[in-house]
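K.L.:
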Amino acid sequence: MNTTIIPSKNQGSEILPEKKKKSQLVSIWKRLKKNKLAVAGLIILSFIGLTAAFANVLFDYNTVVIQQNAAERLQPPSAKHWLGTDELGRDILARIVHGARISIPIAFTTILIATVVGGLIGAISGYGSKRVDNFIMRIMDIFLAIPGILLSIAIVAALGPSLRNLLIAISIANIPPFARIVRASVLSIRNEEFIEAARAIGANGVRIIFKHIIPNSMAPVIVQATLCIAGSILEIAALSFIGLGIQPPAPEWGAMLSGGRQYIRYAWWICAFPGIAIMLTILSLNLLGDGLRDALDPKLKN
Amino acid sequence: MHKFILRRLAMLIPVILGVSFIVFSIMDLTPGDPVEMYLGDNYTDEAHASMTKELGLDKPFIVRYLSFIGNAIQGDFGISYSTHQRVLDEILARFPNTLVLAIAALFFAILAGIILGTISAAKQNSIFDSTSTFAALIGVSMPNFWFGLMLIIIFAAGLGWFPSSEFSGVKSLVLPAIALGTNSLAIITRMTRSSLLETIRQDYVRTARAKGLKEYKVIIKHALRNAMIPIITISGLQFGFLISGAVVIETVFSWPGIGRLLVEAIQLKDTPIVLSLVVIKATMFTVINLGTDIMYAFFDPRIRAQYKAKGA
């Protein structure tokens with residue numbers, strides 16, 4: 001009898017979660033689709049992503065984006081240069097398109113690091129003993145007491161401006177909110193019955209954290225990550241603007257604003273368009289993040 | 001109530017110590033020889049050695065940290081590498097400018113934010129509501145330093161209504177305050193709208209309407225007053241950001257505040273100023289947040305009553 005029941009049970013438990021996962025994703029997607037603003041955000045974001053992916057096809061990096069061309073400096077927008085040229089005669093549209101290849105991957109990487117590190121810290125804090133929890137959260141409180149941009153500035157100022165240090169600075173500044181969110185959701189699910197069941201069948205702490213707690217606290221993390229990527233793009237631009245981020249001649253958006261600053265009296269387009277690119281990217285991420293929040297957790301709406 | 005405030009004040013101490021420890025450790029990682037930066041290019045080995053001793057750099061890390069804290073409590077933040085002035089004097093000379101700018105920006109953000117948010121909520125789903133909601137979305141998505149540049153292009157370079165960077169009188173305050181306050185304006189507008197939408201559905205608002213009060217009176221006296229607590233909280237938090245986070249906007253407008261001082265000091269590798277500024281800014285941020293918390297308790301009779309009932 002045993003032999004007939006156990007395999008069928010196993011089969012069932014193998015298929016069921018996958019089915020459930022799929023239907024969950026479908027229903028999330030259905031809810032997200034209804035939110036017009038979120039869809040708009042997703043479309044803008046896909047467009048930015050696609051132009052960034054094919055940037056090298058559209059504009060050659062060495063000859064168009066980096067090479068200076070004195071004959072064409074400070075040209076206003078025209079048919080040849082849609083968004084004009086900068087103080088060194090480089091096409092602004094080409095630089096903006098290539099700029100997305102800098103800001104977006106860096107922002108994703110910083111938030112990925114922050115999510116993983118912050119998530120682990122939060123999971124340990126929420127799942128661990130009260131003393132561990134207290135200790136970790138007090139340290140997080142200290143980090144939260146420093147405004148993110150100020151902490152990033154301090155770190156880059158100390159380590160020196162470079163891509164690596166920029167990554168470190170923005171990642172560290174973004175860890176505490178993730179630790180907090182994961183901890184909160186761990187605390188809310190750690191006493192659920194399925195955790196108790198896992199413990200009853202002898203799963204250890206690490207397995208419970210990775211297999212049960214983290215997957216079940218993903219929703220708020222995804223939302224937070226989307227919104228934090230937007231914040232990270234802003235921080236990259238701000239740090240580059242004050243000379244602590246990506247260094248010229250790389251076409252980073254904030255660095256472009258900084259370079260064009262001196263010329264705003266005669267050439268508004270140098271500063272106007274890179275800022276619009278930053279704004280559109282952040283706006284679409286914010287729209288998508290808000291939409292995801294509503295779609296992932298309908299209870300939170302309104 | 002006093003106990004509540006005292007307890008919160010006591011919690012400040014570990015936070016400030018922790019912040020200063022983190023920042024001090026970060027700054028200690030700075031490559032380069034501080035003595036060389038202090039002395040400039042021409043110095044003898046003897047001068048180098050004596051300066052190392054004078055700056056206390058021959059001592060171990062933890063001793064230097066403790067003496068930094070000890071001196072900081074007494075208002076001694078060291079000597080600037082670049083100007084050789086006392087760091088505290090340098091900061092105090094610039095601080096009023098930052099304070100004025102932050103207050104102006106906050107005033108603009110609260111005033112406009114509450115007005116826009118209230119009209120949006122009162123006329124929910126109208127064209128005004130969707131326009132202001134969308135504008136608020138753009139407002140939170142916009143880099144404020146870029147917005148500052150745009151304001152300069154339009155109102156200073158183009159129309160010539162305001163100076164772009166000269167530091168003179170009220171007129172020079174207008175553009176930086178708007179640029180700095182716009183993010184907060186958007187956040188306060190959203191908060192006002194959602195908080196007001198919640199109170200508008202309450203029974204006491206229906207009662208107020210039922211007894212025949214004019215609509216504006218219902219909104220302002222009954223709904224808005226009860227919706228104020230989250231608005232006050234968010235405004236307080238925004239003030240913390242405005243005063244401590246406004247680094248870039250001061251650079252855009254060449255505003256001689258502590259944010260600009262920080263950027264200058266970073267470029268000159270003037271570690272004492274950078275260190276002190278970050279610690280002071282983080283402390284201000286924490287204190288303002290604490291003040292907001294206390295105010296929050298003070299404004300909400302329910303929370304006040306809670307503490308009274310507990311005898312705290």
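From first to last, the protein sequence lines stand for chains C and E.
Numbering-wise (UniProt numbering), the first sequence opens with residue 1 and increments by one.
Numbering-wise (UniProt numbering), the second sequence opens with residue 1 and increments by one.
Note that the Cβ used here is the ideal one computed from N, Cα and C, for glycine as well.
(1) Give the range of the alpha helix (DSSP H) segment to which C/Leu296 is assigned.
(2) Does the beta carbon of E/Lys281 sit closer than 9 Å to a beta carbon anywhere in chain C?
(3) C/Leu25 and C/Ile270: beta carbons closer than 9 Å?
(4) Since E/Ile79 sits in a beta bridge, which residues does DSSP pair it with?
(5) Taking contact to mean at least 3 C-beta pairs separated by less than 8 Å, is the region 247-263 of chain C in contact with the region 109-121 of chain E?
(6) Restricting to Cα atoms, I'd like to know which of E/Asp58, E/Ser184, E/Ala223, E/Lys221 is closest to E/Phe107.
(7) For chain C, find out if any of its Cβ atoms is closer than 9 Å to the Cβ of E/Gly311; answer yes or no.
(8) Check E/Asp28 in the structure and name its three-state DSSP category.
(9) Check the Cβ-Cβ distances between E/Ile187 and every residue of chain C, and say whether any is below 9 Å.
(10) Considering only C-alpha positions, which residue in the set C/Thr85, C/Ile104, C/Ser78, C/Lys80 is nearest to C/Gln67?
(11) Check for me: the alpha helix (DSSP H) holding C/Met218 runs from which residue to which?
(12) How far does the alpha helix (DSSP H) with C/Asn56 in it reach, from first residue to last?
(13) Would you check if there are 3 or more beta carbon pairs closer than 8 Å linking the region 227-235 of chain C to the region 35-42 of chain C?
(14) Restricting to Cα atoms, I'd like to know which of C/Ala94, C/Ile48, C/Ala114 is closest to C/Ile175.
(15) Counting Cβ pairs closer than 8 Å, one from the region 195-215 of chain E and one from the region 236-251 of chain E, do we hit at least three?
(16) As a quick exercise: from C/Gly205, C/Pro177, C/Asn216, pick the residue whose alpha carbon is nearest that of C/Ser188.
(17) Examine chain C for any beta-carbon lying closer than 9 Å to the beta-carbon of E/Asp28, and answer yes or no.
(18) Got a sec: which bits of the region 260-290 of chain C sit with their beta carbon under 9 Å from any beta carbon on chain E, in order along the chain?
(19) Whole angstroms is fine: what's the gap from C/Ile6's alpha carbon to C/Glu193's?
(20) Would C/Leu280 pass as a contact of C/Ala169 if the rule is Cβ separation under 9 Å?
(21) Relative to chain E, which residues along the region 126-141 of chain C have a C-beta separation below 9 Å, given in chain order?
(22) Does the distance from the C-beta atom of E/Ile273 to that of E/Leu262 stay below 9 Å?
(23) What do you reckon, are the CB atoms on E/Val23 and E/Thr286 nearer than 9 Å?
(24) Using only the alpha-carbon positions, how far apart do E/Met150 and C/Ala272 sit?
(25) Starting from the N-terminal side, write out each stretch of the beta strand (DSSP E) that is 3 residues or longer and does not extend beyond the region 149-201 of chain C.
(26) Counting only C-beta atoms, is C/Pro77 closer than 9 Å to chain E at any point?
(27) Within its chain, find whatever has a CB closer than 7 Å to the CB of E/Gly113; leave out the 5 residues flanking it on each side and keep chain order.
P.N.:
From the atom records:
(1) As a working mapping, residue 296 of chain C is identified with position 296 in the first sequence. Element bounds for C/Leu296: 268-296.
(2) Locating residue 281 of chain E in the second sequence gives position 281, counting from the first residue. Judged by the 9 Å Cβ criterion, E/Lys281 is in contact with chain C.
(3) For the purposes of this step, residue 25 of chain C is taken as residue 25 along the first sequence, with counting starting at 1. For the purposes of this step, residue 270 of chain C is taken as residue 270 along the first sequence, with counting starting at 1. No, the pair does not count as a contact, with Cβ atoms beyond the cut-off.
(4) As a first step, residue 79 of chain E is located in the second sequence; it is residue number 79 there, counting from the start. Answer by DSSP bridge pairing, in chain order: E/Arg86.
(5) No: fewer than three Cβ pairs fall under 8 Å.
(6) One-based indexing of the second sequence puts residue 107 of chain E at position 107. Nearest option by C-alpha distance: E/Ser184.
(7) The sequence position of residue 311 of chain E within the second sequence is 311, counting from 1. Note that E/Gly311 scores 49 on pLDDT, short of 50, meaning its location in the model is unreliable and no value can be drawn from it.
(8) Start at 1 with the first residue of the second sequence, and residue 28 of chain E comes out as number 28. Three-state DSSP puts E/Asp28 in a helix.
(9) Position 187 of the second sequence holds residue 187 of chain E. Residue-level contact check: E/Ile187 does not touch chain C, since none of the beta carbons of chain C fall below 9 Å from its beta carbon.
(10) As a position in the first sequence, residue 67 of chain C is number 67, starting the count at 1. Residue C/Thr85 is the option with its Cα nearest to C/Gln67.
(11) To locate residue 218 of chain C, count along the first sequence from 1; it is residue 218. First-last of the alpha helix (DSSP H) with C/Met218: 218-241.
(12) One-based indexing of the first sequence puts residue 56 of chain C at position 56. Where C/Asn56 is concerned, the enclosing alpha helix (DSSP H) stretches over 55-58.
(13) Flag = no, the region 227-235 of chain C and the region 35-42 of chain C do not touch.
(14) Your numbering for residue 175 of chain C matches position 175 in the first sequence. From the listed residues C/Ala94, C/Ile48, C/Ala114, the smallest Cα separation to C/Ile175 is found for C/Ala114.
(15) Inter-segment contact for the region 195-215 of chain E and the region 236-251 of chain E is absent: fewer than three beta-carbon pairs are separated by less than 8 Å.
(16) Reading the first sequence from its first residue, position 188 is the one you call residue 188 of chain C. With respect to the C-alpha of C/Ser188, the residue from C/Gly205, C/Pro177, C/Asn216 having the closest C-alpha is C/Asn216.
(17) For the purposes of this step, residue 28 of chain E is identified with residue 28 of the second sequence, where counting begins at 1. Yes, E/Asp28 lies at the interface with chain C (some Cβ there is under 9 Å from its Cβ).
(18) Correct list: Gly260, Arg261, Ile264, Arg265, Tyr266, Trp268, Cys271, Ala272, Pro274, Gly275, Ile276, Ile278, Met279, Leu280, Thr281, Ile282, Leu283, Ser284, Leu285, Asn286, Leu287, Asp290.
(19) Taking the first residue of the first sequence as 1, we reach residue 6 of chain C at position 6. Taking the first residue of the first sequence as 1, we reach residue 193 of chain C at position 193. Note on C/Ile6: pLDDT 45, under 50, position unreliable in the model; no value is reported.
(20) Residue numbering aside, residue 280 of chain C sits at position 280 when the first sequence is read from its first letter. Residue numbering aside, residue 169 of chain C sits at position 169 when the first sequence is read from its first letter. No; because the gap between Cβ atoms is not below 9 Å, this pair is not in contact.
(21) Within the region 126-141 of chain C, the residues whose Cβ lies closer than 9 Å to some Cβ of chain E are Arg138, Ile139, Asp141, listed in chain order.
(22) Numbered from its first residue, the second sequence carries residue 273 of chain E at position 273. Numbered from its first residue, the second sequence carries residue 262 of chain E at position 262. Yes, they are a contact pair.
(23) Looking up residue 23 of chain E in the second sequence gives position 23. Looking up residue 286 of chain E in the second sequence gives position 286. In this structure, E/Thr286 does not lie closer than 9 Å to E/Val23 by Cβ.
(24) Reading the second sequence from its first residue, position 150 is the one you call residue 150 of chain E. Reading the first sequence from its first residue, position 272 is the one you call residue 272 of chain C. Roughly 7 Å between the two C-alpha positions.
(25) At a cut-off of 3 residues, not a single continuous stretch assigned as beta strand (DSSP E) sits fully inside the region 149-201 of chain C.
(26) Position 77 of the first sequence, counting from 1, holds the residue named residue 77 of chain C. With its beta carbon at least 9 Å from every one in chain E, C/Pro77 lies outside the interface.
(27) Translated into positions along the second sequence, residue 113 of chain E becomes position 113. These residues qualify, in order along the chain: Leu185, Ile188, Thr189, Thr192.
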